[in-house]
Amino acid sequence: MTSRSPATISLSLILLAFLTYQAPPVLSWKKDEFRNCNQTPFCKRARSRNPFSCSLIANQVTISDDGDISAKLVPKNHDDHHQINPLILSLSIYQDGIVRLKIDEDPTLNPRKQRFQVPDVVLPQFESKKLYLQRYSKETIDGEGDASVVYLSDGYEAVLRHDPFEVYVRYKGGNSRVLSLNSNGLFDFEPLREKNEGEEWEERFRGHTDTRPYGPQSISFDVSFYDSDYVYGIPEHATSFALKPTRGPNVEESEPYRLFNLDVFEYLHDSPFGLYGSIPFMISHGKSGRTSGFFWLNAAEMQIDVLGDGWNAESGILLPSKQKRIDTFWMSEAGIVDTFFFVGPGPKDVVRQYTSVTGMPSMPQLFSIAYHQCRWNYRDEEDVEQVDSKFDEHDIPYDVLWLDIEHTDGKKYFTWDRLSFPHPEEMQRKLATKGRHMVTIVDPHIKRDDSYWLHNEATEKGYYVKDATKRDYDGWCWPGSSSYLDMLNPEIRTWWGTKFSYENYVGSTPSLYIWNDMNEPSVFNGPEVTMPRDALHLDRVEHRELHNAYGYYFHMATSDGLLKRENGKDRPFVLARAFFAGSQRYGAVWTGDNTAEWEQLRVSVPMILTLGLTGMSFSGADVGGFFGNPDTELLVRWYQLGAYYPFFRAHAHHDTKRREPWLFG
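FYI, the numbering for the sequence shown is -28 to -1, 1 to 637, going by mature numbering (1 follows the signal peptide of the UniProt record, and there is no 0).
Quick look at the structure:
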């Protein structure tokens, strides 16, 4: 049974009923639990730099054996002690107008460790679209420095300027640009190095200490979008669709847009603060109709400034330009430069180019685009049966009923509370006879309980993330003392996928699907309610380097497990809260723990539109608000809007009043 049919509607008409409502601010957000830029040393350092402080130049430019432009970035001034060893640059060209720029430390100079490069996000087949360069042309730019120029696609060229170092895409046969990196000279790359005597590397926040054994390793640079009036993307934030400037003479004091996956409940409705997921992909669009995009494949914490007009006036250096542009400033704690330039020229072209790198959204099952009924928690099988029958009694269509954490045996996943749910298979079959499905929750925290088979097996195999002392990391979440699987490791992801078989997940049936919550990961007693940055993953990768992709790997492993459960003959449905670039390949996401307020209803629209624009088209918000008790009008209006969310689910906290739709007349 399908509760929605395809429809076309003007978004402006949907919004009309909501935009006139004003709501008081949410006061329960615990702002002090999370760091701001001034409390984050790499962000504070980067923001303090002046334009054109970068002294790097590109030399030894050549065509590599891999068909790329390669070069070494070295300081022009020999007295620049910040950057001593050269950086290695590679510039690759791909079909359909895509440029990939990578910059890393020189591995032949034996750095203290290999910097982390995010695996399993770029599609394997993307490399087949690479254009192997045979030559490049040389030009003199503005009568000064040399540049290397290569063909990109019809009408476009990629340019590597040598001195000063700069990379940009331009229209062929002219100087008009599309987008550029380091045009404002803000590029900075902190190399891994030995600790100086007396130097303090540790960072402290609210009683937590980050040992930072490899010291400062941040990267920052400016990106400029030409012929641009607006920029969009870089979810997840509860803010406007077009991103507001965060720095500039006419901008109120603001934080950068933060990308750091966190468990932020009852979040503010208009804030640049980062929420549950991170997609470091930005799209620009101008009144000229031209669109371009930029993607940084980096899973460490990121902060991004959108710079308002005149942002660099205090520097005294204002470059004349015939092209209107928007400057942005990208900062990350770790990783490498692995960036993609998308030339468009239209919005659909940019999204197509981006998804050719990270993948198209998976095709959902028909039932999953219908209405979902959820609550923390439906108490027992009798409660489930009553809710199901009431939908029939009131002739309200729905397709999926959800069970939250209380359905388990002591919050041990892949189990059932046999007092409340003694016959789980029969319960699911009753729903299935009506064409309905069930979803149960399976979170990443594993209860540390010697009687729990999953914990014992993970411990024996050494599958948990380690703390800085190389012991199994022990954090606190819903079950109490918990450990977390190292999902960076493909072996562990495969092992995890086997747990969804009917043999391992006793009581599951073909009509049961999965919900991955808390996969940022959420750690109640951790710094900023998450895992310490110095925790260790496969091959000594620090958690700081992959944090934003942890939930992505968990989502991937769960989806693959459901696929294997039916030998590839059934499309998985997995909802996740945390996400990263590429998550669209594995299922749906939602906007997390919102509140029953008109402003939260309003902001759900730009949040979901932004997710769709950055590849995550299968997304939604909790109808009615997760926290609080909506009045009848708010709930009705939310259902009216929610019917047009791609993912349409009502969900509520256990402290709220019951709010199944028939209870409101």
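All C-beta atoms in this analysis are idealised placements derived from N, C-alpha and C, irrespective of residue type, glycine included. Model, not experiment: these values are computed from the prediction.
Original post:
With distances taken between CB atoms, is the gap from H371 to R408 smaller than 8 Å?
Top reply: The identity of residue 371 in the sequence shown is Asp, whereas the question assumes His. Their beta carbons are under 8 Å apart, which means D371 touches R408 by this criterion.
Subject >> Cross-strand partners of W173 (DSSP beta bridge) >> reply: None, per the DSSP bridge assignment.
Subject >> When H625, T431, R178 are compared against L347, the one with the closest alpha-carbon >> reply: One point to set straight first is that residue 347 is Arg, not Leu, in the sequence displayed. A check of alpha carbon separations from R347 across H625, T431, R178 identifies H625 as the nearest.
**OP:** Quick one: measure Cβ to Cβ for E238 and D603, integer angstroms, because I've assumed they're closer than 8 Å.
**Re:** Their Cβ separation, rounded to whole angstroms, is 18 Å, which puts E238 and D603 out of contact at 8 Å.
**OP:** Check G452 in the structure and name its three-state DSSP category.
**Re:** Residue state, collapsed to three classes: strand.
Original post:
Where does the unbroken beta strand (DSSP E) through H257 begin, and where does it stop?
Top reply: Counting along the chain, the beta strand (DSSP E) containing H257 begins and ends at 253 to 257.
Original post:
With distances taken between CB atoms, is the gap from L607 to G600 smaller than 8 Å?
Top reply: Between L607 and G600, the C-beta gap is not smaller than 8 Å, which leaves the two residues out of contact.
Original post:
Should L635 go down as buried or exposed, given a rule of 16 or more other Cβ atoms within 10 Å for buried?
Top reply: Classification of L635: exposed, given that the 10 Å Cβ count is below 16.
**OP:** May I have a chain-ordered list of the beta strand (DSSP E) segments no shorter than 3 residues that lie completely inside the region 104 to 186?
**Re:** As for any beta strand (DSSP E) of minimum length 3 sitting wholly inside the region 104 to 186, the runs are 109 to 112, 118 to 125, 128 to 133, 138 to 143, 149 to 153, 175 to 177, 180 to 182, ordered along the chain.
**OP:** Output the distance between the C-alpha atoms of residue 638 and K167, rounded to the nearest integer angstrom.
**Re:** No answer is possible for residue 638: it lies beyond the span of the chain, which begins at -28 and ends at 637.
Original post:
How would you label E99, buried or exposed, when you count the other beta carbons within 10 angstroms and need 16 or more for buried?
Top reply: Exposed.
**OP:** Can you say whether G205 is buried or exposed, counting buried as having 16 or more other CB atoms within 10 angstroms of its CB?
**Re:** It is buried - the Cβ of G205 has at least 16 other Cβ atoms within 10 Å.
Original post:
Cα-Cα, which of Q97, A430, S120 is closest to Y108?
Top reply: Check the Cα spacing between Y108 and each of Q97, A430, S120: the tightest is with S120.
Subject >> Minimum C-alpha distance to L510 - residue among R21, D78, N8, P91 >> reply: Among R21, D78, N8, P91, the Cα nearest to that of L510 belongs to P91.
Subject >> Neighbourhood of residue 638 by C-beta, 7 Å cutoff - its chain only, sequence neighbours within 5 removed >> reply: With the chain represented from -28 up to 637, any question about residue 638 goes unanswered, as that position is not in the structure.
Subject >> Per-residue burial, W173 [other beta carbons within 10 Å of its own, 16 or more giving buried] >> reply: It is exposed - the Cβ of W173 has fewer than 16 other Cβ atoms within 10 Å.
Original post:
So who's on the other strand from A560, going by DSSP bridges?
Top reply: Bridge partners of A560: L547.
**OP:** Kindly indicate the opening and closing residues of the beta strand (DSSP E) around K74.
**Re:** Boundaries of the beta strand (DSSP E) harbouring K74: 70 to 77, taken from the DSSP string.
**OP:** Mind checking who W302 pairs with in its DSSP beta bridge?
**Re:** When DSSP reads this structure, W302 sits in a beta bridge with F193, I276.
**OP:** Measure the C-alpha to C-alpha separation of M254 and N222 and round it to an integer number of angstroms.
**Re:** Roughly 23 Å between the two C-alpha positions.
Original post:
Where does T(-9) sit, in a helix, a strand or coil, going by DSSP?
Top reply: The predicted model places T(-9) with a pLDDT of 37, which falls under 50 and marks its position as unreliable, so this point remains unresolved.
Original post:
Excluding sequence positions up to five away, which residues of its chain have a Cβ less than 6 Å from the Cβ of L73?
Top reply: Excluding sequence neighbours, L73 sits near L63, V139, T311.
Original post:
Thinking just about the alpha-carbon of each residue, which of G540, A560, D542 is nearest to the one in R549?
Top reply: Nearest neighbour of R549 by Cα position, chosen from G540, A560, D542, turns out to be A560.
**OP:** State the DSSP-derived secondary structure class of V223, mapped to helix, strand or coil.
**Re:** Three-state DSSP puts V223 in coil, outside helix and strand.
Original post:
I think N349 touches D381, with their Cβ atoms under 8 Å apart; what is that distance to the nearest whole Å?
Top reply: Their Cβ separation, rounded to whole angstroms, is 14 Å, which puts N349 and D381 out of contact at 8 Å.
**OP:** Apply the 10 Å Cβ neighbour rule to N82 and answer buried if 16 or more other Cβ atoms are within range, or exposed otherwise.
**Re:** The residue in question, N82, is exposed, as its Cβ has fewer than 16 Cβ neighbours within 10 Å.
Subject >> Rounded C-alpha distance that separates A440 from F161 >> reply: A direct Cα-to-Cα measurement between A440 and F161 gives close to 25 Å.
Subject >> Opening and closing residue of the beta strand (DSSP E) in which S27 lies >> reply: First-last for S27: undefined, no H or E at that position.
Subject >> K101 versus E116 - alpha carbon distance >> reply: Their backbone Cα atoms lie some 34 Å apart in a straight line.
Original post:
Which term fits R630, buried or exposed, when burial requires 16 or more other beta carbons within 10 angstroms of its beta carbon?
Top reply: So R630 ends up on the exposed side.
Original post:
With DSSP run on the structure shown, which of helix, strand or coil describes L(-2)?
Top reply: Bear in mind that a pLDDT of 41 at L(-2), under 50, signals an unreliable position, so the model cannot answer this.
Subject >> Helix, strand or coil at Q572 according to DSSP, with G and I counted as helix >> reply: Looking at Q572 - three-state DSSP - the assignment turns out to be helix.
Subject >> Spatial distance of R505 from W570 (CA atoms) >> reply: Counting only the Cα atoms, W570 lies some 36 Å from R505.
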